[in-house]
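Data block below; observations after.
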Amino acid sequence: MRTRKTVARAVATGACAAGLVAALQGQAWAATVSIEASGGGGSAQFNGDTNTFRACDTAADGWGIEARLRFPAADNKPDLVVDTRGHAATYCTPWKGGLTEGKSYRMFVTPVVGDVRGQSIYIDVRA
Numbered sequence: 217m218r219t220r221k222t223v224a225r226a227v228a229t230g231a232c233a234a235g236l237v238a239a240l241q242g243q244a245w246a247a248t249v250s251i252e253a254s255g256g257g258g259s260a261q262f263n264g265d266t267n268t269f270r271a272c273d274t275a276a277d278g279w280g281i282e283a284r285l286r287f288p289a290a291d292n293k294p295d296l297v298v299d300t301r302g303h304a305a306t307y308c309t310p311w312k313g314g315l316t317e318g319k320s321y322r323m324f325v326t327p328v329v330g331d332v333r334g335q336s337i338y339i340d341v342r343a
């Protein structure tokens, strides 16, 4: 009897989780999402309301921040890139966009100094 209840709970929980994933899959981002560069020092930000992104350098450590937005492979488009190279710390690039509503993109943030690149971190976002 107890095993049957446990199995029923597990099945119900799995069904709810699957329903939640399916329900959220088609929704666009409705706010600004930010990911920090490895080691800190800045971030990449994605604005779901305007379908734009930017890079922000927040530390005077000699490193800049590069934000890169990768299009879906089927689009066959080059990445969109913005960076803070050549600017003093506490600088954010202008918002850059031109993204298609309803598509998913991969946004990377990478610390950079000249041609040297630090470790990239990414998050998937949806316009």
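Count along the sequence shown from 1, then add 216; that gives the number in my numbering.
Even glycine gets a Cβ: it sits at the ideal position worked out from N, Cα and C.
Counting only the same chain and skipping the five closest in sequence on each side, list residues whose C-beta sits under 6 Å from that of residue i.
{"i": "Arg301", "result": "Gly280"}
{"i": "Gly313", "result": "Asn267 and Thr268"}
{"i": "Val297", "result": "Arg284"}
{"i": "Glu252", "result": "Ser259"}
{"i": "Ser250", "result": "Ser259 and Gln261"}
Any idea if residue i is buried or exposed, counting beta-carbon neighbours within 10 angstroms, 16 or more meaning buried?
{"i": "Glu317", "result": "exposed"}
{"i": "Arg270", "result": "buried"}
{"i": "Met258", "result": "The displayed chain sequence assigns Gly, not Met, to residue 258. Classification of Gly258: buried, given that the 10 Å Cβ count is 16 or more."}
{"i": "Pro327", "result": "buried"}
{"i": "Arg284", "result": "buried"}
{"i": "Asp273", "result": "buried"}
{"i": "Val332", "result": "exposed"}
{"i": "Ala343", "result": "buried"}
Out of the options, which has the shortest C-alpha to C-alpha gap to residue i?
{"i": "Tyr321", "options": "Arg270, Arg286 and Thr309", "result": "Arg286"}
{"i": "Thr248", "options": "Asn263, Asp331 and Val332", "result": "Asn263"}
{"i": "Trp311", "options": "Gln261, Asp331, Gly255 and Ser250", "result": "Gln261"}
{"i": "Asp295", "options": "Leu315, His303, Ala276 and Cys308", "result": "Leu315"}
{"i": "Glu282", "options": "Thr309, Ala290 and Ala289", "result": "Thr309"}
{"i": "Gly255", "options": "Asp340, Ser336 and His303", "result": "Ser336"}
{"i": "His303", "options": "Arg342, Ala275 and Ala290", "result": "Ala275"}
Residues in its own chain within less than 8 Å of residue i by CB, not counting five upstream and five downstream?
{"i": "Val329", "result": "Gly278, Trp279 and Gly280"}
{"i": "Val227", "result": "Below a pLDDT of 50, predicted positions are generally treated as unreliable, and Val227, at 39, falls in that range; no measurement from the model is reported."}
{"i": "Pro288", "result": "Lys319, Ser320 and Tyr321"}
{"i": "Asp299", "result": "Ala271, Gly280, Ile281, Glu282, Ala283, Thr309 and Val328"}
{"i": "Lys293", "result": "Phe287"}
{"i": "Asp340", "result": "Ser320, Tyr321, Arg322 and Met323"}
By the three-class DSSP mapping on this structure, what secondary structure does residue i have?
{"i": "Ala276", "result": "coil"}
{"i": "Asp265", "result": "coil"}
{"i": "Ala247", "result": "coil"}
{"i": "Cys232", "result": "Any reading at Cys232 is ruled out, since the residue's pLDDT is 40, under 50, leaving its predicted position unreliable."}
By Cβ distance, which residues of its chain are closer than 7 Å to residue i, with the 5 residues on each side in sequence left out?
{"i": "Tyr338", "result": "Arg322, Met323 and Phe324"}
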